[in-house]
Amino acid sequence: MPKPTATLLGGDRYHHAEEAFAGVGPALEAAGLTVEYTTDPTLIDADHLSDKRLLCILRDGMEWPEGHEKPYEVWMRPHQEQAIEKFVGTGGAFMPLHNAGWAYPWKTENGYRHVMGGYFQGHPAVLPFDVKVVNPDHPITQGVEDYEITDEQHFLWFDYDRVNLLLKSQGRDGRESAAGWAYTYGQGRVAYLANGHTLDILQHPMVQRLLYNAARWVVGG
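Residue numbers for the sequence shown follow numbering that gives the first Met the number 0, beginning at 0 and rising by one.
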């Protein structure tokens, strides 16, 4: 079997791992990557990433070691933040998707939040909204048209002075948010895409195009 060139970490309390794998995996594989699928966040460390080209995450940062009736704990540890920062900064590719900015460390200088380029703020219930291409010239948006989708409209802080905004979402109430961005971090590349709560959403033709294009761009294809 070919050695995996990408790690896809998926699945949490609110998102089924098998849906993340079935929705994202084919786009990564179509982009030429051999994908390792995992639900184990402890796998993410410097040793594991040392021979990978891409790290992709579709899961939040919460764990409930004492059960869901108790407060959650953040699973990502300092050595994992450092591993991701070094991985991307020295040429690795990073695709945080959907809720991969929720309940992660955000105070560390040059840590996870800094590498991602933004952070999750909140979302309303699943409702129809529009996604608009605001940078049609970027490789990630090639072949992508404005589309309507029924999903969680994620609202995010993002570093507008560092990242290239690609997509905006606009709800029926007029509220807008960033829905995708990309940028170069050190020698590596980062692309964030907001859609992805369920398999049906991930399999939307425009979302699939974005995932494929993003995977190719971040690995330099």
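Here a beta-carbon is modelled for each residue, glycine too, at the ideal position from N, C-alpha and C. Predicted, not measured: the structure shown is a model, and the values here were computed from it.
Check	Outcome
Count the other CB atoms, across all protein chains shown, that sit within 10 Å of the CB of residue 221; report buried if there are 16 or more and exposed otherwise.	With the chain covering 0 to 220 only, the question about residue 221 has no answer from this structure.
Rounded to whole angstroms, what is the Cα-Cα separation between residue 13 and residue 203?	20 Å
Just how far apart, CA to CA, sit residue 110 and residue 116?	10 Å
Which runs of the beta strand (DSSP E) spanning at least 3 residues fall entirely within the region 67-136, listed in chain order?	92-95, 117-121, 126-132
Contact between the region 16-35 and the region 175-193 is defined here as three or more beta-carbon pairs at a separation below 8 Å; is this criterion met?	no
Starting from the C-beta of residue 20, find all residues in its chain whose C-beta is less than 7 Å away, skip the five residues before and the five after it, and write them out in chain order.	7, 9, 36
Ends of the beta strand (DSSP E) at residue 188?	187-192
What are the start and end residues of the beta strand (DSSP E) that includes residue 241?	The shown model of the chain, from 0 to 220, leaves out residue 241, and the question about it has no answer.
I need the DSSP call for residue 216, collapsed to helix, strand or coil.	helix
Which complete alpha helix (DSSP H) runs does the region 36-63 hold, if anything under 4 residues is left out?	45-48
With a cut-off of 8 Å on the beta carbons, I'd call residue 132 and residue 144 a contact; round off their distance for me.	7 Å
Taking the beta carbon of residue 45 as the centre, do at least 16 other beta carbons fall within 10 Å, making it buried, or is it exposed?	exposed
Can you tell me whether DSSP reads residue 140 as helix, strand or coil?	helix
Among the residues of its own chain, which have a CB less than 7 Å from the CB of residue 169, if the five just before and after it don't count?	128, 129, 131, 175
Is residue 57 near residue 96, with beta carbons less than 8 Å apart?	yes
Any idea what DSSP makes of residue 166, helix, strand or coil?	strand
Taking DSSP as the reference, what is the three-state secondary structure of residue 150?	strand
Check for me: the beta strand (DSSP E) holding residue 8 runs from which residue to which?	5-9
Are the beta-carbon atoms of residue 119 and residue 100 separated by less than 8 Å?	yes
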